[in-house]
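Asker:
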Amino acid sequence: MFIAVRFTRRLGMSAVIAAVLFVSNGGLGLAIGVLAAAAATALLVFSALSWWRFTFMVDDDELVVTRGILSVERLVIPLDRVQSVAIEQRLVHRFVGLVSASVDTAGSSGVEFVIDAIDEKRAEALRRVAADSRPVASGTEQPASGTQELDEVVLRRTPAELVRVGVTKVPWAGLAAFAPLIALAGELDEQLDVGSRLERLVDRGGDVGGGSAIAVTALVVAMIVAATIVGTVLQLARELLTNWDLTLVRTRTGLRRTAGLVSTTSRSSTIRRIQSITTDESPPQRWLGFTLLRLRTFGENDISLPGTRPAEVAALRTMVFGHADEPDLDRSISRWFVFKATRGVAVVAVLLAVPSWVVFGWWSLLLLGAVAARWAAARRQWRLRRWSLDGDRVAEAYRFVARHTAEVPLHKAQVVTVSQSFFERRKGLATINVRTAAGFLAVPLIPYRDAAAVRDRILLAVETDHRRVI
Amino acid sequence: MDDTNGDPVLDFANPAIDVSDLPRLDDHPFEPLDPAYARLRTMFALGFAGAVALVTVASALATSSWVAVFVGAAALALVAAVGTAHRIEVAHMGYVVREHDLSFRRGVIGRSVATIPFARVQHVSITRGPVERRYGLASLQLRTAGGEVSIPGLHTDVADRLKQLVADRAGVLADAEIDTDAA
Numbered sequence: 000m001f002i003a004v005r006f007t008r009r010l011g012m013s014a015v016i017a018a019v020l021f022v023s024n025g026g027l028g029l030a031i032g033v034l035a036a037a038a039a040t041a042l043l044v045f046s047a048l049s050w051w052r053f054t055f056m057v058d059d060d061e062l063v064v065t066r067g068i069l070s071v072e073r074l075v076i077p078l079d080r081v082q083s084v085a086i087e088q089r090l091v092h093r094f095v096g097l098v099s100a101s102v103d104t105a106g107s108s109g110v111e112f113v114i115d116a117i118d119e120k121r122a123e124a125l126r127r128v129a130a131d132s133r134p135v136a137s138g139t140e141q142p143a144s145g146t147q148e149l150d151e152v153v154l155r156r157t158p159a160e161l162v163r164v165g166v167t168k169v170p171w172a173g174l175a176a177f178a179p180l181i182a183l184a185g186e187l188d189e190q191l192d193v194g195s196r197l198e199r200l201v202d203r204g205g206d207v208g209g210g211s212a213i214a215v216t217a218l219v220v221a222m223i224v225a226a227t228i229v230g231t232v233l234q235l236a237r238e239l240l241t242n243w244d245l246t247l248v249r250t251r252t253g254l255r256r257t258a259g260l261v262s263t264t265s266r267s268s269t270i271r272r273i274q275s276i277t278t279d280e281s282p283p284q285r286w287l288g289f290t291l292l293r294l295r296t297f298g299e300n301d302i303s304l305p306g307t308r309p310a311e312v313a314a315l316r317t318m319v320f321g322h323a324d325e326p327d328l329d330r331s332i333s334r335w336f337v338f339k340a341t342r343g344v345a346v347v348a349v350l351l352a353v354p355s356w357v358v359f360g361w362w363s364l365l366l367l368g369a370v371a372a373r374w375a376a377a378r379r380q381w382r383l384r385r386w387s388l389d390g391d392r393v394a395e396a397y398r399f400v401a402r403h404t405a406e407v408p409l410h411k412a413q414v415v416t417v418s419q420s421f422f423e424r425r426k427g428l429a430t431i432n433v434r435t436a437a438g439f440l441a442v443p444l445i446p447y448r449d450a451a452a453v454r455d456r457i458l459l460a461v462e463t464d465h466r467r468v469i
Numbered sequence: 000m001d002d003t004n005g006d007p008v009l010d011f012a013n014p015a016i017d018v019s020d021l022p023r024l025d026d027h028p029f030e031p032l033d034p035a036y037a038r039l040r041t042m043f044a045l046g047f048a049g050a051v052a053l054v055t056v057a058s059a060l061a062t063s064s065w066v067a068v069f070v071g072a073a074a075l076a077l078v079a080a081v082g083t084a085h086r087i088e089v090a091h092m093g094y095v096v097r098e099h100d101l102s103f104r105r106g107v108i109g110r111s112v113a114t115i116p117f118a119r120v121q122h123v124s125i126t127r128g129p130v131e132r133r134y135g136l137a138s139l140q141l142r143t144a145g146g147e148v149s150i151p152g153l154h155t156d157v158a159d160r161l162k163q164l165v166a167d168r169a170g171v172l173a174d175a176e177i178d179t180d181a182a
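So the sequences go chain by chain: A and B. So the first sequence is numbered by numbering that gives the first Met the number 0: it starts at 0 and just counts up by one. So the second sequence is numbered by numbering that gives the first Met the number 0: it starts at 0 and just counts up by one.
1) Please list, in chain order, all residues of the same chain as Arg-165 of chain A whose beta carbon is under 8 Å from its beta carbon, the five residues on each side excluded.
2) Roughly how many angstroms lie between the CA atoms of Pro-354 of chain A and Ala-345 of chain A, to the nearest whole one?
3) With respect to the alpha helix (DSSP H) encompassing Gly-46 of chain B, which residues constitute its N-terminal and C-terminal limits?
4) Give every residue of the same chain whose Cβ lies closer than 8 Å to the Cβ of Arg-127 of chain B, excluding the five residues on either side of it in the sequence, and list them in chain order.
5) With a floor of 3 residues, list each beta strand (DSSP E) that falls wholly inside the stretch 24-74 of chain A, ordered by position along the chain.
6) Out of curiosity, what's the CA-to-CA distance linking Tyr-134 of chain B and Ile-150 of chain B?
7) Using a C-beta cutoff of 8 Å, does Gly-128 of chain B count as contacting chain A?
8) If you draw a straight line from the alpha carbon of Pro-282 of chain A to that of Arg-382 of chain A, how long is it in whole angstroms?
9) Against Ile-108 of chain B, what residues of chain A qualify as contacts under a CB-to-CB distance less than 9 Å, listed in chain order?
10) Could you tell me which chain B residues have their CB closer than 8 Å to the CB of Ala-313 of chain A, listed as they occur along the chain?
11) From the DSSP output, read off the bridge partner residues of Ile-445 of chain A.
12) Could you give the distance in angstroms between the alpha-carbon of Arg-99 of chain A and the alpha-carbon of Arg-127 of chain A?
13) Starting from Glu-147 of chain B, follow the beta strand (DSSP E) in both directions and report where the run begins and ends.
14) Run through DSSP, which three-state label would Ile-469 of chain A get?
15) Looking only at C-alpha atoms, which of B:Ala-74, B:Val-54, B:Arg-132, B:Trp-65 sits nearest to Leu-39 of chain B?
16) Since I believe Thr-404 of chain A is in contact with Ala-412 of chain A (beta carbons under 8 Å), could you give me their beta-carbon distance rounded to a whole number of angstroms?
17) So, for Ser-331 of chain A: in the same chain, excluding its five sequence neighbours on each side, which residues have a beta-carbon less than 7 Å away from its beta-carbon?
18) Please say whether His-91 of chain B and Lys-106 of chain B have beta carbons closer to each other than 8 Å?
19) Mind checking the stretch 445-456 of chain A against chain B and listing, in chain order, the residues whose C-beta falls within less than 8 Å of any C-beta there?
20) For the beta strand (DSSP E) containing Gln-274 of chain A, list its first residue and its last residue.
21) Identify, in the order they occur along the chain, each residue of the same chain with its Cβ nearer than 7 Å to the Cβ of Phe-29 of chain B, setting aside the five sequence neighbours on each side.
22) Quick check on the DSSP output: what are the complete alpha helix (DSSP H) runs of length 4 or more inside the stretch 223-284 of chain A, in order along the chain?
23) How many Å lie between Arg-434 of chain A and Gly-82 of chain B at the Cα?
24) Does the distance from the CB of Ala-323 of chain A to the CB of Thr-317 of chain A come in under 8 Å?
25) By how many angstroms is the C-alpha of Leu-69 of chain A removed from the C-alpha of Gln-141 of chain A?
26) Give me the Cα-Cα distance between Asp-167 of chain B and Ile-115 of chain B, rounded to the nearest whole angstrom.
27) Taking contact to mean 3 or more Cβ pairs, one atom from each stretch, closer than 8 Å, check whether the stretch 42-50 of chain A and the stretch 220-231 of chain A are in contact.
28) Cβ closer than 8 Å: which chain B residues qualify as neighbours of Thr-416 of chain A?
29) Apply the 10 Å Cβ neighbour rule to Arg-256 of chain A and answer buried if 16 or more other Cβ atoms are within range, or exposed otherwise.
30) Hey, Arg-249 of chain A and Val-153 of chain A are a contact pair by Cβ (cut 8 Å); roughly how many whole angstroms apart?
31) For Ala-175 of chain B, does the three-state DSSP call read helix, strand or coil?
32) Does Ile-150 of chain B have its Cβ less than 8 Å from a Cβ in chain A?
33) When the distance is taken between beta carbons, is Thr-143 of chain B closer than 8 Å to Gln-121 of chain B?
34) Should Val-337 of chain A and Ala-369 of chain A be called a contact, given that it needs their Cβ atoms to be closer than 8 Å?
35) Identify, in the order they occur along the chain, each residue of the same chain with its Cβ nearer than 8 Å to the Cβ of Phe-112 of chain A, setting aside the five sequence neighbours on each side.
36) Which residues of the stretch 18-39 of chain B have a Cβ closer than 9 Å to any Cβ of chain A? Give them in chain order.
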């Protein structure tokens with residue numbers, strides 16, 4: 000039974016859809032049909048074999064995995080090297096009551112391997128065994144037994160909160176994620192001839208309004224409104240599906256995040272693995288007082304927490320930094336930012352204005368309006384861009400419409416780079432780039448002196464702070 | 000890191016530091032790369048530019064003598080410019096090793112200095128291509144969990160000693176690390 004399900008997954012939905020379309024189009028020659036059937040059979044056999052050849056076992060303090068059909072691979076992983084076990088239950092899993100467990104190890108930046116299709120109890124047992132075998136610092140007492148009673152819920156999202164998050168997200172971002180669907184809609188549109196109907200509508204509007212320009216404007220506005228509504232609905236659906244019953248639990252070994260309506264995902268990470276904290280919020284979210292908090296971890300399991308309230312942000316900041324102080328964010332970048340951002344647009348505008356003078360005459364000067372617009376936008380970006388070097392972290396914030404902040408503990412830095420572009424060098428400015436094991440933080444156009452000071456401060460922190468960072 | 004009270008790690012604290020008192024990387028002179036590296040780079044560039052110039056001059060000669068003179072001059076200028084550019088680029092590269100970190104500087108027009116603390120090094124390796132071997136050169140790569148720095152054009156001995164130094168320092172620092180995750 001489960002082999003069949005795996006088989007469909009391996010084929011991929013796109014392939015299935017392609018096959019269905021192919022058949023429905025009726026252009027199925029006998030030879031091609033045989034070929035398709037043969038390919039499908041081969042995939043089925045391959046899938047079954049790889050399932051059959053995949054075994055794992057926990058032997059004392061080691062996790063042993065063997066896999067491979069022709070060339071057999073055998074992985075032996077000491078359990079105390081297992082950093083996290085993420086358990087995910089997708090829809091196909093749910094039908095058959097199974098989960099997939101992804102194992103992250105200390106040596107790899109990504110997921111070391113995935114054990115697909117094991118029962119939930121076994122996956123939980125694997126996670127518990129791995130968690131229990133993590134080394135305990137000398138001098139601290141180990142709890143007698145059981146990781147469960149120490150679990151403490153840090154935050155939990157109710158459906159109402161998720162609805163608020165979904166509605167206040169930037170709606171068009173959702174459309175981008177569903178671009179394939181929209182392309183499909185475009186196909187439908189062609190079939191149903193919606194386009195020509197709209198054209199007729201526009202024509203009629205032209206008759207009524209006495210000018211088709213008004214009708215076109217109205218149509219564009221209507222399309223934007225429609226896209227916004229559809230986008231919002233999609234965002235809401237996505238939020239509810241992926242983050243249903245989102246719970247963040249503090250366990251003995253770190254944090255565990257579980258969520259999902261149709262397919263359930265469970266991710267855990269040690270607190271040490273968290274490399275930085277970022278927040279993102281749209282204006283309505285800022286007014287309502289919540290944000291999308293991301294704990295960026297080494298590896299692929301970033302912990303993303305939508306709808307996080309200030310108190311919860313403070314609690315999580317305490318876990319990562321040891322205190323709940325907000326970053327100062329009291330420094331701004333050089334005002335040359337505005338000049339630099341506007342310069343490119345200005346050059347293009349002037350280059351375009353000269354030839355268009357021949358065609359449009361004085362109207363071509365309107366192109367220079369773009370320069371003014373870019374200047375105004377850049378000025379706003381510059382005014383709202385902040386950074387700071389606090390006692391133990393470097394932080395930045397920027398906002399145009401949506402606001403973004405990032406905080407990196409100084410001692411988590413892996414590579415620090417101070418660089419100067421030609422422009423920056425002439426103005427005595429520099430860019431500081433702090434790379435951690437999960438992404439980087441870069442502040443451009445700050446005085447060279449400041450950038451060098453931040454670098455030296457970070458190097459001191461790394462030198463004197465002997466806490467492990469990943 | 001952990002919010003357990005009395006944790007020795009939290010006593011580590013963060014006293015205010017006067018930034019002007021910090022040891023400054025800018026106070027240290029950068030070591031230049033091996034002169035052989037500049038020769039190698041220049042030779043490669045000259046070889047390429049020379050080949051381009053030869054082809055152009057040959058095709059110019061086929062058309063007319065006047066054009067050939069101009070093209071020949073331009074080709075010479077190109078060869079000289081490319082050679083000089085590579086020399087200048089190599090001359091601007093440099094590295095500095097301090098007790099706790101290694102920095103690599105590069106760039107002529109835009110400049111950058113990348114620093115890796117030894118405590119973050121996960122992997123050190125030396126690469127020597129066939130041409131580098133002939134010149135007695137090697138390049139050193141320091142990898143961390145979040146990026147890497149590669150220093151080209153080191154003398155083989157220097158590269159070996161640097162690798163040893165980094166590996167030793169990283170090993171000592173790894174042993175000194177405090178595991179904060181165990182509660």
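Glycine included, every Cβ here is placed at the ideal spot set by N, Cα and C.
Answerer: In short, the structure shows the following:
1) Translated into positions along the first sequence, residue 165 of chain A becomes position 166. Here the sequence assigns Gly to residue 165 of chain A, which means Arg is not the residue at that position. Closer than 8 Å at the Cβ level, and outside the excluded window around Gly-165 of chain A, lie Thr-231, Gln-234, Leu-235, Ala-236, Arg-237, Glu-238, Leu-239.
2) Here residue 354 of chain A is taken as the residue at index 355 of the first sequence, counted from 1. Here residue 345 of chain A is taken as the residue at index 346 of the first sequence, counted from 1. Distance between the alpha carbons of Pro-354 of chain A and Ala-345 of chain A is about 15 Å.
3) For the purposes of this step, residue 46 of chain B is taken as the residue at position 47 of the second sequence. Segment 34-62, the alpha helix (DSSP H) holding Gly-46 of chain B.
4) The count along the second sequence starts at 1 and reaches residue 127 of chain B at position 128. These residues qualify, in order along the chain: Leu-136, Ala-137, Ser-138, Thr-155.
5) 54-58, 61-66
6) For the purposes of this step, residue 134 of chain B is identified with residue 135 of the second sequence, where counting begins at 1. For the purposes of this step, residue 150 of chain B is identified with residue 151 of the second sequence, where counting begins at 1. The straight-line gap from Cα to Cα measures roughly 16 Å.
7) Position 129 of the second sequence, counted from the start, is the residue given in the question as residue 128 of chain B. Not one chain A Cβ lies under 8 Å of Gly-128 of chain B.
8) Start at 1 with the first residue of the first sequence, and residue 282 of chain A comes out as number 283. Start at 1 with the first residue of the first sequence, and residue 382 of chain A comes out as number 383. If I take the Cα positions, the gap works out to 17 Å.
9) Locating residue 108 of chain B in the second sequence gives position 109, counting from the first residue. Chain A residues near Ile-108 of chain B: Ser-420, Phe-421, Arg-424.
10) For the purposes of this step, residue 313 of chain A is taken as residue 314 along the first sequence, with counting starting at 1. Those within 8 Å of Ala-313 of chain A in chain B number zero; the least Cβ separation is about 12 Å.
11) Taking the first residue of the first sequence as 1, we reach residue 445 of chain A at position 446. Paired residues: A:Ala-429.
12) What you label residue 99 of chain A is simply residue 100 of the first sequence in a count that begins at 1. What you label residue 127 of chain A is simply residue 128 of the first sequence in a count that begins at 1. Contrary to the premise, residue 99 of chain A reads as Ser rather than Arg in this sequence. For Ser-99 of chain A and Arg-127 of chain A, the distance between alpha carbons rounds to 15 Å.
13) Within the second sequence, numbered from 1, the residue matching residue 147 of chain B stands at position 148. Here the beta strand (DSSP E) through Glu-147 of chain B covers 146-154.
14) If you number the first sequence from 1, residue 469 of chain A lands on position 470. Here Ile-469 of chain A sits in coil by DSSP.
15) Mapped onto the second sequence, residue 39 of chain B falls at position 40. Checking every option, the nearest Cα to that of Leu-39 of chain B belongs to B:Arg-132.
16) Mapped onto the first sequence, residue 412 of chain A falls at position 413. Mapped onto the first sequence, residue 404 of chain A falls at position 405. 18 Å between Cβ atoms; not a contact.
17) Residue 331 of chain A sits at position 332 when you count from the first residue of the first sequence. Excluding positions up to five away in sequence, the list reads Arg-384, Arg-385.
18) Sequence index remark: in the second sequence, residue 106 of chain B carries index 107 (1-based). Sequence index remark: in the second sequence, residue 91 of chain B carries index 92 (1-based). The sequence given here places Gly at residue 106 of chain B; Lys does not occur at that position. A contact, by the Cβ cut-off of 8 Å.
19) Ala-451, Ala-452, Arg-454, Asp-455, Arg-456
20) The count along the first sequence starts at 1 and reaches residue 274 of chain A at position 275. Taken as a continuous stretch (DSSP letters only), the beta strand (DSSP E) holding Gln-274 of chain A covers 273-280.
21) Residue mapping note: residue 29 of chain B aligns to position 30 of the second sequence, counting from 1. Correct list, in chain order: Gly-93, Tyr-94, Val-95, Arg-104.
22) none
23) Within the first sequence, numbered from 1, the residue matching residue 434 of chain A stands at position 435. Within the second sequence, numbered from 1, the residue matching residue 82 of chain B stands at position 83. In a straight line, the C-alpha of Arg-434 of chain A is about 34 Å away from that of Gly-82 of chain B.
24) Indexing the first sequence from 1 puts residue 323 of chain A at position 324. Indexing the first sequence from 1 puts residue 317 of chain A at position 318. Yes, Cβ-Cβ distance for Ala-323 of chain A and Thr-317 of chain A is below 8 Å.
25) Taking the first residue of the first sequence as position 1, residue 141 of chain A is located at position 142. Taking the first residue of the first sequence as position 1, residue 69 of chain A is located at position 70. Because Gln-141 of chain A sits at a pLDDT of 43, beneath the cut-off of 50, its placement in the model cannot be relied upon, and the following sentence gives the value as read from the coordinates. Each residue's Cα considered, the two are about 45 Å apart.
26) Along the second sequence, one-based indexing puts residue 167 of chain B at 168. Along the second sequence, one-based indexing puts residue 115 of chain B at 116. Each residue's alpha carbon lies about 15 Å from the other.
27) no
28) Within the first sequence, the letter at position 417 stands for residue 416 of chain A. By Cβ distance, chain B contributes Ser-111, Val-112, Ala-113, Thr-114.
29) Counted from its first residue, the first sequence places residue 256 of chain A at position 257. Label assigned to Arg-256 of chain A: buried.
30) Within the first sequence, the letter at position 250 stands for residue 249 of chain A. Within the first sequence, the letter at position 154 stands for residue 153 of chain A. Contact flag correct, Cβ pair sits at about 5 Å.
31) As a working note, residue 175 of chain B is residue 176 in the second sequence. Three-state DSSP puts Ala-175 of chain B in coil, outside helix and strand.
32) By one-based count along the second sequence, residue 150 of chain B stands at place 151. So no, Ile-150 of chain B is outside the interface.
33) Looking up residue 121 of chain B in the second sequence gives position 122. Looking up residue 143 of chain B in the second sequence gives position 144. Yes, these two residues count as a Cβ contact at 8 Å.
34) Position 338 of the first sequence, counted from the start, is the residue given in the question as residue 337 of chain A. Position 370 of the first sequence, counted from the start, is the residue given in the question as residue 369 of chain A. Their beta carbons are not under 8 Å apart, which means Val-337 of chain A does not touch Ala-369 of chain A by this criterion.
35) In the first sequence, counting from the first residue as 1, residue 112 of chain A sits at position 113. Cβ neighbours of Phe-112 of chain A beyond the five flanking positions: Val-64, Arg-66, Leu-74, Ser-101, Val-102.
36) Val-18, Ser-19, Leu-21, Pro-22, Arg-23, Leu-24, Asp-25
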